[in-house]
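Colleague: Residue numbers (the numbering used here), protein chains in the order written: chain A, -15 to 319; chain B, -15 to 319; chain C, -15 to 319; chain D, -15 to 319.
Just so you know, even glycine gets a beta-carbon here, dropped at the ideal spot from N, CA and C.
First the structure, then my questions, so here it is.
4 protein chains.
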Amino acid sequence: MDVLTSSKRIAVVGATGYAGGELCKLVAAHGGMQLASAMSARSEGGARVARTPGEVNVDAYTPELFAELDGVFVCAPHGASAPVVLAALEAGAAVVDLSADFRLSDPSVYESTYGLPHPAPELLSEAVYGLTEHARDAVAATRLVANPGCYPTSILLPLLPLFEHGLVSRESLIVADSKSGLSGAGKGASDRTHFGNVHENFLAYGVGTHRHTPEIHQHAGTDSIRFVPHLLPVERGILSTIYVQSAGGVDAEAIRSCLSERYADEPFVHVRRTGLPELKDVQRTNRCDMAVCDADGTVVIVSVLDNLLKGAAGQALQNMNLMLGLPEAEGVPCV
Amino acid sequence: MDVLTSSKRIAVVGATGYAGGELCKLVAAHGGMQLASAMSARSEGGARVARTPGEVNVDAYTPELFAELDGVFVCAPHGASAPVVLAALEAGAAVVDLSADFRLSDPSVYESTYGLPHPAPELLSEAVYGLTEHARDAVAATRLVANPGCYPTSILLPLLPLFEHGLVSRESLIVADSKSGLSGAGKGASDRTHFGNVHENFLAYGVGTHRHTPEIHQHAGTDSIRFVPHLLPVERGILSTIYVQSAGGVDAEAIRSCLSERYADEPFVHVRRTGLPELKDVQRTNRCDMAVCDADGTVVIVSVLDNLLKGAAGQALQNMNLMLGLPEAEGVPCV
Amino acid sequence: MDVLTSSKRIAVVGATGYAGGELCKLVAAHGGMQLASAMSARSEGGARVARTPGEVNVDAYTPELFAELDGVFVCAPHGASAPVVLAALEAGAAVVDLSADFRLSDPSVYESTYGLPHPAPELLSEAVYGLTEHARDAVAATRLVANPGCYPTSILLPLLPLFEHGLVSRESLIVADSKSGLSGAGKGASDRTHFGNVHENFLAYGVGTHRHTPEIHQHAGTDSIRFVPHLLPVERGILSTIYVQSAGGVDAEAIRSCLSERYADEPFVHVRRTGLPELKDVQRTNRCDMAVCDADGTVVIVSVLDNLLKGAAGQALQNMNLMLGLPEAEGVPCV
Amino acid sequence: MDVLTSSKRIAVVGATGYAGGELCKLVAAHGGMQLASAMSARSEGGARVARTPGEVNVDAYTPELFAELDGVFVCAPHGASAPVVLAALEAGAAVVDLSADFRLSDPSVYESTYGLPHPAPELLSEAVYGLTEHARDAVAATRLVANPGCYPTSILLPLLPLFEHGLVSRESLIVADSKSGLSGAGKGASDRTHFGNVHENFLAYGVGTHRHTPEIHQHAGTDSIRFVPHLLPVERGILSTIYVQSAGGVDAEAIRSCLSERYADEPFVHVRRTGLPELKDVQRTNRCDMAVCDADGTVVIVSVLDNLLKGAAGQALQNMNLMLGLPEAEGVPCV
């Protein structure tokens, strides 16, 4: 790892998980950043992010280092994240938090969703929800970004422009049927992540109860989205199939045009002219690809992204680049 | 294979495909049937259904044999199936056709869906759509059953009782988001079935154009169902996630009760009290398992079945049992 | 489950694991046995073997029931198995133990292999190693069978006849390169069984240290077999590739003939005339299929079996059938 | 794609296959090369290497372009490759041929192996077998490199130093049991590549007949290696388990030391001190990782690589870099 004197000094907290591991690789290969430290509360002084040569070592959690850093990515579980965020902010670092701790603006919604009082409600007002393409200026101006969830990113990117242009009403019923690869369930060993329960299987879960539902509702500005997540026997990727009832006289082509124009200059959002996107199109990239179809008068939008990149580490790096004054796309994999 | 003098003599036409292969195994193990012939237009005189010892040999297509048979399962592509069906009926055999040729009552819908004129419109009036639990008496009384498609079976079994009892209106928008294993795409080698395009991938297809849509609409008695199929990287199984807007005052529990009562005595339909069904619960069985949940006021029904059994060969055997006066469940795998 | 007055009363101890679950299904469907009890030390009074309707409930471990039973299958970890075996034998039941506790005749080898003193050395002399096709009479005459390991079964079935007929010398170097599906690693959740570490991966393990090595060496009667196991990203099946240097003048065809004659009348061992066996040929059957090839003068034998059936529960049922005077193949899946 | 005036102009012929596609991506991202043309005999004027935005278009095969190029990668089937190689050499380009056409120095061995007369025997004497770490100077000095096969690379890298230092005798029997992901079988749709025949399956093939055997024997300088390939249900990666009988007094540690020293300065070959390498360690890198173990006196070497990188496109890029005077590791993925 080159240590450039002018490069930004970065730490990743929670480096042994999937998103943290991706961030370590991205930062280590970034021309304008250096990976000053990869930390983990679980580290016992020498875990590696991966077993390959060249991978960084993971240190114990050492908040004393924050004072020397420009930016900190926090990849900790909800509840455990807020204290790390606080320490990093106090030390003067820019923070992108990948947990859910700062995604919901209302602490009472947080409490009912996550089952504990909000650990740092005083920070909620300055946290910016980092759906980058819809919050670029606010991200660049803040010191704390709440990085969006993987499912919400796949659903909000197609829906927000349609609401904004009135092509779809926030009052109408919308179905978001989402399917995610297993890395979304994390690296913890459990019955759910056991190979024998995932391979050659498929299931729905969290119907009506998944914690991403309030996040989707808040940032879409409507409760009328019905969200059901499913677990795919693949490692990486989310595909969301979104059914919308367009406003009078608006057809699939109008919706496609709206999305296509909105994202024409965005390197990480691609609205297809023909064909349907597949997980393989976006795995290991930071892109969200989408297509618009007509099904007997209902408009169906299919969106795909890599849950570890545009759904986590990749979008986080877009945000950190903006916060530190670097080009937004630097070091973010596109193809 | 025992040749019991009292057992029914059965042929499977199209024995080298997935559904035909399953039927050969089921018939060979059936206490009241004998597999008189496994035929294939593709056979060159000695193909095996599978490479294992004990499996039956597959003969060339020999309609002359039909006169000696009690029943014929036809597992041929649409269009190619009707002439086989005609030959078998003329020879006096009971016929279960697993193709789409007799599922649509209106030949003009068939032509617009399948791109060719209906090959035997004179038979449409007597063909019975064999969703067994909803057509038992008609199946027992006919000589020709059109075996339902795999996706329609997973969608109609949960929806029909709700329409009949008025718990869901046929006028309301319904979303049926379905996911199928690769065996639904058949044994033909193609880009779509290449391991490299299926493994670690997931995709939607046929949005607004899938040929099962008119079948679902006709047998549901409504065009208001939006159906989108997807391709899973698994071998067997379909999971359909169905979103319904129940009639005023009807909640998820009422819908669950309705389904639970309707199917209480059915060995092959299981309405769960708790938890959600997974593909693993029903693979290699003829069961359709379902569960009912509430998602912010919308009712979500998750149904699963094995596309090669309840979605094809297993339901076909239920139907043939009924047509030949045998116990409906005989030889049909339940657990 | 029918309770036939004449049927043998059977218990499965360790019913929540893979092999125990298979045994519960096989016994429940067996015409001459009834599943009197499925027990587990891990059960809290109501676990199910699987989530499907019709599956048996699993009770707490209740050795008091053994006195009413004809046979007990013990599917417990090594060390934990011996006390259960003792209790069942004292109660007068026939016992098939699927653990490693009685596979090694020398307690000092057991101690060095498994790291604990042998828990019941007094039983070692009467335990019969149940490689059924090579121990039929001894199995029928004993009250305690040590069911062979999955890897050893795949290696000993091809090798034993070659040693016996002198076609391969026990002094010559033999390589047994084996590959197993993940169910061989058990149902416990761990890093090794996490989907993310198995899917799209492959690895060797236990080189020179795997606990099946002493078992293979003892029952082959030679230390000259080099055994390396590998972990496949599949659920079920073992394939062993065995390299032997045949004695002077013996070619692959002679070796094939020897095996073919030895197993000609065996329903569960199939020596192929042409082609190579694959996992798919034997999954969900109790068969071991094998083929013999020449590679530049070295003879290569490829053998496959289902690790949960011929490698565990299926062979265990062959053995119990023999011990209880039932037909050996009854209830054992062959095709 | 930047077109730097000083960058080397490169074409990839056979760009629609797996290896050609990888090369297009590597060249497009290479700081010292530009992808002047991606060609395919199968192209109909506009195929894409992949469906993602940013990917290059594939043109029809246009040898007239070769005169403007510095280097040509030829990814064509054996027999079809030689004419392309000839045309490119005549036009003055450096050529790395990924087919088997120039790997075997004896045209009669080529003919008996590939079933056709060698298409360009006059070139055999100048073709350099590009196992880069063992042919660096010769590669840098030639205009034609025969890029090694994927299996041979995984076997020769561990064995060659042991032969050279006399730690293993070329006279002794060596077993190389290799397992490859499905991408090694190419993109062609066939029964072998059908998902239903690969997923949840595993098989050996080509025992004693695989075309890589003569390649391994020639470049190892011995016929005493027994090579059996197998097909894994994964997309990428090869693992070879190699059993060697070391010369008198040489143990596993001595062999590990020899390999470790030989490759100490090689960025793309990594000899592990502890643990065993897995496919996941090297997928999407150009590395070959290996470990050495003792199994009852026999030395077992486990080597892994990505069949599309170190086994094809990555090693080809190492070679082209050398031929064009660029740093060998430039643009070659290591971590």
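Is the Cβ of H178/D closer than 7 Å to any Cβ of chain B?
Modeller: Yes, contact with chain B.
Colleague: How about S174/C: is its C-beta nearer than 7 Å to some C-beta of chain A?
Modeller: So, interface residue.
Colleague: With DSSP run on the structure shown, which of helix, strand or coil describes L(-12)/D?
Modeller: With a pLDDT of only 47 at L(-12)/D, under the threshold of 50, the placement of this residue in the model should not be trusted, and no figure is reported.
Colleague: As an exercise, report each continuous alpha helix (DSSP H) stretch of at least 4 residues that is fully enclosed by the stretch 47 to 89 of chain A, in chain order.
Modeller: Here the runs fully enclosed are 65 to 74.
Colleague: Note the first and the last residue of the continuous alpha helix (DSSP H) segment covering K149/C.
Modeller: Going by the sequence as given, residue 149/C is His instead of Lys. First-last for H149/C: undefined, no H or E at that position.
Colleague: Does the beta carbon of C59/C come closer than 7 Å to any beta carbon on chain D?
Modeller: No - not a single Cβ of chain D is within 7 Å of the one on C59/C.
Colleague: So within the stretch 219 to 289 of chain A, which uninterrupted alpha helix (DSSP H) runs reach at least 4 residues, ignoring any that extend past its ends?
Modeller: DSSP runs (the alpha helix (DSSP H)) wholly in the stretch 219 to 289 of chain A: 236 to 246, 263 to 266.
Colleague: Please name the residue or residues paired with K163/C in a DSSP beta bridge.
Modeller: According to DSSP, which records beta bridges pairwise, K163/C is partnered with H214/C, L223/C.
Colleague: Using C-beta distances below 7 Å, list every residue in its chain close to R26/C, excluding the 5 sequence neighbours before and after it, in chain order.
Modeller: Correct list, in chain order: T0.
Colleague: Could you tell me the boundaries of the alpha helix (DSSP H) in which A124/C lies?
Modeller: Here the alpha helix (DSSP H) through A124/C covers 120 to 125.
Colleague: With DSSP collapsed to three states, give me the class of V42/D.
Modeller: If DSSP states are grouped into helix, strand and coil, V42/D belongs with the strands.
Colleague: Can you tell me whether T97/B is buried or exposed, with buried defined as 16 or more other CB within 10 angstroms of its CB?
Modeller: Burial call: buried.
Colleague: Which bits of chain B does E184/C rub up against, with CB to CB less than 7 Å?
Modeller: The contacting residues are E184.
Colleague: Just the chain A side, please: which residues come within less than 8 Å of S167/C by C-beta, in chain order?
Modeller: The answer, in chain order, is G180.
Colleague: Return yes when the Cβ of D175/C is within less than 7 Å of the Cβ of A236/C, no when it is not.
Modeller: In this structure, D175/C does not lie closer than 7 Å to A236/C by Cβ.
Colleague: Span of the beta strand (DSSP E) holding V93/D?
Modeller: Per DSSP, V93/D belongs to no beta strand (DSSP E); it is in the alpha helix (DSSP H), 91 to 98.
Colleague: Give me the chain C residues within the contact set of R210/D, using Cβ-Cβ distance strictly less than 9 Å, ordered along the chain.
Modeller: Here the neighbours are V159, Y227, A279, D280, G281, T282, V284.
Colleague: Is the shortest distance between the beta-carbon of E262/D and the beta-carbons of chain C less than 7 Å?
Modeller: E262/D counts as touching chain C.
Colleague: Rounded to a whole number of angstroms, what is the C-alpha to C-alpha distance between L108/D and A66/D?
Modeller: In a straight line, the C-alpha of L108/D is about 11 Å away from that of A66/D.
Colleague: Should P198/B be labelled buried (16 or more other beta-carbon atoms within 10 Å of its own) or exposed?
Modeller: With 16 or more Cβ atoms within 10 Å of its Cβ, P198/B is classed as buried.
Colleague: Would you report the Cα separation of H149/D and L128/C, rounded to the nearest angstrom?
Modeller: Spanning the two alpha carbons is a distance of roughly 54 Å.
Colleague: I need the boundaries of the beta strand (DSSP E) containing A130/D, first residue and last residue.
Modeller: Taken as a continuous stretch (DSSP letters only), the beta strand (DSSP E) holding A130/D covers 128 to 130.
Colleague: Find the residues of chain C that neighbour V191/D, judging by a C-beta separation of less than 9 Å, and give them in chain order.
Modeller: The contacting residues are T225, L260, A275, C277, D278, A279, V284, V286.
Colleague: Mind listing the chain C neighbours of E6/A? Cutoff is C-beta to C-beta under 9 Å, in chain order.
Modeller: Under the 9 Å cutoff, chain C gives no residues; its nearest Cβ is about 13 Å from E6/A.
Colleague: So, helix, strand or coil for T36/C, using DSSP?
Modeller: At T36/C, the pLDDT of 46 sits below 50, so the modelled position is not reliable and the matter cannot be decided from this model.
Colleague: Name, in chain order, the residues that DSSP records as bridge partners for V191/B.
Modeller: Note: V191/B sits in no beta bridge, so no partner.
Colleague: What is the residue span of the alpha helix (DSSP H) that L7/C lies within?
Modeller: L7/C -> alpha helix (DSSP H) spans 2 to 12.
Colleague: Decide yes or no for the touch test of the stretch 202 to 221 of chain B against the stretch 235 to 249 of chain B: beta carbon pairs closer than 8 Å, at least 3 of them.
Modeller: Cβ pair count under 8 Å is below three, so no.
Colleague: Between the stretch 157 to 166 of chain B and the stretch 114 to 127 of chain B, can you find at least three pairs of beta-carbon atoms closer than 8 Å?
Modeller: Flag = no, the stretch 114 to 127 of chain B and the stretch 157 to 166 of chain B do not touch.
Colleague: I need the DSSP call for V182/A, collapsed to helix, strand or coil.
Modeller: Three-state result, V182/A: helix.
Colleague: Tell me whether the beta-carbon of V112/C lies closer than 7 Å to the beta-carbon of V68/C.
Modeller: Cβ distance not < 7 Å, so V112/C and V68/C don't count as in contact.
Colleague: Going by CA-CA distance only, name the one from G55/B, A64/B, N41/B, L143/B that's closest to L100/B.
Modeller: Taking only the C-alpha atoms, the option nearest L100/B is A64/B.
Colleague: Does the CB of L243/C have a neighbour CB from chain D at under 7 Å?
Modeller: Not one chain D Cβ lies under 7 Å of L243/C.
Colleague: Say whether the stretch 181 to 193 of chain D touches the stretch 258 to 266 of chain C, bearing in mind that this needs 3 or more beta-carbon pairs closer than 8 Å, one atom from each stretch.
Modeller: Taking 8 Å as the limit for Cβ pairs, the verdict is that the stretch 258 to 266 of chain C does touch the stretch 181 to 193 of chain D.
Colleague: Among A313/D, P136/D, M304/D, which has the Cα closest to the Cα of A124/D?
Modeller: Closest option to A124/D, Cα to Cα, is M304/D.
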